[in-house]
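Sequential numbering from 18 applies to the sequence shown in our numbering.
Every residue gets a Cβ at the ideal spot worked out from N, C-alpha and C, and that includes glycine.
First comes the structure, then the notes that go with it.
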Amino acid sequence: MGLGGNKSSSSKSDNTRTYNYNGTQKPPFMLQILIWVITGIIISIILANIKPYEIIAARYFRGITYSDLTNFLSSLWVIGGIFSLFMRFINFGFGTLLWAGIQILELIPSELLGHEKFLDKNIQKAGKNQYASSNNDSWEVKLAKKLRNSCSTEVLRFLIILGVCVYVVDFFLCLTVFPPVKGGGDVWKLLDIIQYQQFSKIDWENIIRAVTTVGAVQFLLKLRKIIVQIIRDLKD
């Protein structure tokens, strides 16, 4: 009797465990909270990161020579104030577009190079219809075959080059807003300091600001994407 009762209880416990394992599981509540926290941080960083590009836009428009009529209108008391407000709006709008364009160019390569179907198709394309080189081929034919074979990986190669170039350009743009040298100085002065190993003259705080401006949003978006995927995996 005692043994039978224990066996029945064990079977019921196993069934319960099986049901909990196979049933739909709710993801940890802290992961849901973390998604909202990361989203809020991303929005805050976006609003902060637009400012450097707004400064770049203002520098660009300050370098433009306007007509005498525009200069006259901007000198008037009321109209000048309206014109100044309008220019601030233009600077903000142009800075936002510049920021958005750079972010999109930075995100496209990372998103596509992390997409399974996109990579599968490009790998399959690269493995098909490859021309083998032969010693009997002339140099023109060898070059043509090499160019033809490289066409299958052209998209991947372009995405990699695009990602690297845009990040480098973005970083140097940010260094024009955040001087990398104590007391002020451009990128060329920074390169001189690195060459002569005068690292104490580097403004590391501004370097960190530039790095954060360039990569913080992408990092947090990637982190958010991974957490969302974890939540989906737990629900399946």
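Identify the residues that DSSP records as bridge partners of I219: which are they? On the sequence shown, residue 219 is found 202 positions in, with the first residue counted as 1. V198, per the DSSP bridge assignment.
Tell me which residues share the same chain as T113 and place their Cβ nearer than 6 Å to its Cβ, disregarding the 5 neighbours each side in the sequence. For this step, residue 113 is matched to residue 96 along the sequence shown. Contacts found: I67.
Y77: first and last residue of the uninterrupted alpha helix (DSSP H) it sits in: Taking the first residue of the sequence shown as 1, we reach residue 77 at position 60. In the DSSP assignment, Y77 falls within the unbroken alpha helix (DSSP H) covering F46 to R79.
Around the Cβ of C168, are there at least 16 other Cβ atoms within 10 angstroms (buried) or fewer (exposed)? Along the sequence shown, one-based indexing puts residue 168 at 151. With fewer than 16 other Cβ atoms within 10 Å, it is exposed.
Relative to the C-alpha of E222, which candidate in V198, K138 and I244 has its C-alpha closest? Taking the first residue of the sequence shown as position 1, residue 222 is located at position 205. Looking only at V198, K138 and I244, the smallest Cα-Cα distance to E222 is reached by V198.
So, is N108 buried or exposed, given that buried needs 16 or more other C-beta atoms within 10 angstroms? On the sequence shown, position 91 is the one that residue 108 refers to. Counting Cβ neighbours within 10 Å, N108 comes out buried, since at least 16 surround it.
DSSP three-state label for D203, please. The sequence position of residue 203 within the sequence shown is 186, counting from 1. Here DSSP, grouped into helix, strand and coil, assigns D203 to coil.
Whole angstroms is fine: what's the gap from G180's alpha carbon to I224's? By one-based count along the sequence shown, residue 180 stands at place 163. By one-based count along the sequence shown, residue 224 stands at place 207. Taking the straight line joining both Cα atoms gives about 20 Å.
For W53, count neighbouring Cβ atoms within 10 angstroms of its own Cβ and tell me buried if that reaches 16, exposed if not. To locate residue 53, count along the sequence shown from 1; it is residue 36. With fewer than 16 other Cβ atoms from the protein chains shown falling within 10 Å of its own Cβ, W53 counts as exposed.
Option nearest I177 by Cα separation, candidates E128, I73 and L51: Position 160 of the sequence shown, counted from the first residue, corresponds to residue 177. Ranking the options by Cα distance to I177, first place goes to E128.
I need the DSSP call for Q214, collapsed to helix, strand or coil. Looking up residue 214 in the sequence shown gives position 197. Coil.
Check this for me: beta carbons of D209 and E123, under 8 Å apart or not? One-based indexing of the sequence shown puts residue 209 at position 192. One-based indexing of the sequence shown puts residue 123 at position 106. Cβ atoms of D209 and E123: not closer than 8 Å.
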